[in-house]
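Asker: Just so you know, the sequence shown maps onto residues 1 to 464 in this note's numbering.
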Amino acid sequence: MSICNTNIGIIYADQSQYSKALTYFNKTLKTAEEMENKNGIAVSYTNIGSIYLIENEYAKTLEYFFKSLKIREEIGNKQGMAQSYVNIGEVYAQQDSVVNESGKEVNYLKPIDYFLKAIAIQEEIGDKFGSMHSLNGIGDLYLKTKIPEEALPFLLEVEAIALEIGVVRELSDAKESLSKAYEQMGQYENSLEYYKQYTTLRDSIFNEKSTKEISQMSAQYEAEKKEQEIELKENQNKLQGISIEKEKNKQYSLMGGLTLIIVLVLAVAYRVRAKQKSNKSLEGLNEQVKKFNEEIEKTNLELEKLSLVAKETDNSVMIMNKETKFEWVNEAFTRIEGFTLEEYKKRYGNSLLEASTNPEVKKVIEKCLESKQPQIYESECTTKDEKKLWMQSTLTPIIGTDKEIEKLVVIDTEITQQKEAEKELNEKVKQVTENIQFAQNIQASLLEDEKEIQKHLPESFLIY
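1) Does DSSP put Asp412 in a helix, a strand or coil?
2) Quick check on this structure: which residue in Asp14, Ile125, Gln375 has the alpha carbon closest to the alpha carbon of Val409?
3) How is Lys430 classed by DSSP in three states: helix, strand or coil?
4) Please determine if the region 381-400 and the region 424-441 are in contact, where contact requires at least 3 C-beta pairs separated by less than 8 Å.
5) May I ask which residues mark the beginning and end of the beta strand (DSSP E) holding Ser16?
6) At the level of alpha carbons, what is the spacing between Glu327 and Tyr195?
7) So Ala93 and Gly137 are in contact, right, with Cβ under 8 Å, and what is the actual spacing, rounded?
8) Take Thr46 as the anchor and find which of Asn26, Glu34, Met35 has the nearest alpha-carbon.
9) Let me confirm a value: Met132 is counted as buried when at least 16 other C-beta atoms fall within 10 Å, else exposed. Which label applies?
10) Tell me where the beta strand (DSSP E) around Glu316 begins and ends.
11) Tell me which residues share the same chain as Ile205 and place their Cβ nearer than 7 Å to its Cβ, disregarding the 5 neighbours each side in the sequence.
12) Name the residue from Lys367, Asn315, Phe339 whose alpha carbon lies nearest to the alpha carbon of Lys322.
13) Does the separation of the CB atoms of Lys175 and Gln197 fall below 7 Å?
14) Can you give the Cα-Cα distance for Phe66 and Ile436, rounded to whole angstroms?
15) Counting beta carbon pairs with one atom in the region 333-346 and one in the region 357-372, are three or more of them shorter than 8 Å?
16) When burial is assigned at 16 or more other CB atoms within 10 Å of the CB, is Ser19 buried or exposed?
17) In the DSSP output, what is Lys325 paired with across the bridge?
18) Mapping DSSP to helix, strand and coil, what is Thr46?
19) By how many angstroms is the C-alpha of Met185 removed from the C-alpha of Glu434?
20) For Ser218, which three-state DSSP category applies?
21) Can you tell me where the beta strand (DSSP E) holding Glu380 begins and where it ends?
22) Quick one: what's got a C-beta closer than 8 Å to Thr211's C-beta in the same chain, skipping five residues either side?
23) How close, in whole Å, do the beta carbons of Ile41 and Leu22 come, if the pair is a contact with beta carbons under 8 Å?
24) Taking 6 Å as the limit between beta carbons, can you name the residues of its chain near Thr28, skipping five residues before and five after?
25) Between the C-alpha atoms of Asp412 and Leu369, what's the straight-line distance to the nearest angstrom?
26) Looking at Val91 and Tyr64, is the spacing between their C-beta atoms short of 7 Å?
27) Please state whether DSSP places Ser356 in a helix, a strand or coil.
28) Who pairs with Thr396 in a beta bridge, going by DSSP?
29) With Tyr24 and Ile8 assumed to form a contact (beta carbons below 8 Å), what rounded beta-carbon distance in angstroms separates them?
30) Which of the three DSSP states, helix, strand or coil, is assigned to Lys146?
In structure tokens, the structure reads:
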């Protein structure tokens, strides 16, 4: 019952119905207290505090988090103690962040102190995943306070742990934070390198997710198609059954005719009526089958599109045949580019090969068709209102049951800001390099002058 109430509370919290979530979490707390289940009481305190944190009631949040910590200390639950320290540290960090936005001075050492307590326990019990998040919390706080030199060792340790335990999303976040730290320190080359590593990991996560969604929708399409084929087969069997019954009725009528003329007359009359009724029924069924086939064909076409991409995705999506001729675009394409499919083809051509501005697009297409694997490329495009955008495109082949490519799908992600950031970083790196070179030239010139003076006046020296 306690677990049931907790799950209901979590569902209400996910739906932003926080008062109802609190009601069920308090029911769980009452049950745990009646059973003297201290671990359950501590968990209930944490759940209640989490709801107050969402509503920015920091005093109540800390009250319940400290209650949870006290119980976990009493029962010696070290993993629970570490989690409580992390929870309290995050409350202080979030509270200070709110105060900071109002212009008041804040003390970030308080949350850091709780993160360090959590790390000490997590390292003791071998909780690498937990210590990674605690270290990341400290690094982020130092970045917020513009102290990148302090943030750097913590973020580098986060990167090392993420690599060790193989968590890609956390590794991607660590790369992004390290890029920001090096940028604050003025080390633009390191910042750019980590930013590139971050975007590569981020894109791999997105592509893995997109491929999985496409596979799931394709499987759903095949299942629905199979169901429709079974239903069609059943209707055809019904028609065949009607035809067999018709033949039996005919045989019975002939046998009766050999016995009695009157029965023959009656049978003929009955047969005529039965035949008319049967023919009328067959005509109706044939018409139903015809309409049903048309509906199946129409549905299959729609399902094929839906199985390739989610219609409401924020990414621009284009479906093409295997010759890269455009067949369909989603609403996000028109919203981003400003063109309908027909307007786009009229302006840029009927295929990806004609429309793309990437000079290597032909090689990308050939590699995709040959390997039957997704390919990633970048290109600059011009929208209907003449706005320049950079897109990162994933070209994905859709394989049919005969192991041959049936369709090609392009999913575009806008990376204009990323490109501008890379350009800005490159310019900064170039400027720093030029300044260093200029200083080296001046130094070299001064050294040459000093050598010339010492050649003629060996006892002299220069003061800089």
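We put the beta carbon where it would ideally sit given N, CA and C, even for glycine.
The structure presented is a predicted model; accordingly, all values stated were derived computationally and were not measured.
Answerer: Reading from the atomic positions:
1) strand
2) Gln375
3) helix
4) no
5) From DSSP, Ser16 is part of no beta strand (DSSP E); its letter is neither H nor E.
6) 36 Å
7) 7 Å
8) Asn26
9) buried
10) According to the sequence displayed, residue 316 carries Ser and not Glu. Where Ser316 is concerned, the enclosing beta strand (DSSP E) stretches over 316-321.
11) Only residues of its own chain outside the window of five on either side were considered, and among them Val168, Arg169, Ser172 have a CB closer than 7 Å to the CB of Ile205, listed in chain order.
12) Lys367
13) yes
14) 54 Å
15) Because the criterion of three Cβ pairs below 8 Å is not met, the region 357-372 and the region 333-346 do not touch.
16) exposed
17) Ser351
18) helix
19) Their Cα atoms are separated by approximately 19 Å.
20) Reliability of the predicted coordinates at Ser218 is poor, the pLDDT of 44 falling under 50, and the value obtained from them is presented with this limitation in mind. Ser218 falls in the helix class under three-state DSSP.
21) 375-382
22) Reliability fails at Thr211, whose pLDDT of 47 lies under 50, so the model's placement of it is uncertain and no value is given.
23) Wrong, their Cβ atoms sit about 16 Å apart, outside the cutoff.
24) Ser2, Asn5, Thr6, Ser44
25) 19 Å
26) no
27) coil
28) Val409
29) 5 Å
30) DSSP places Lys146 outside both helix and strand once states are collapsed to three, so it counts as coil.
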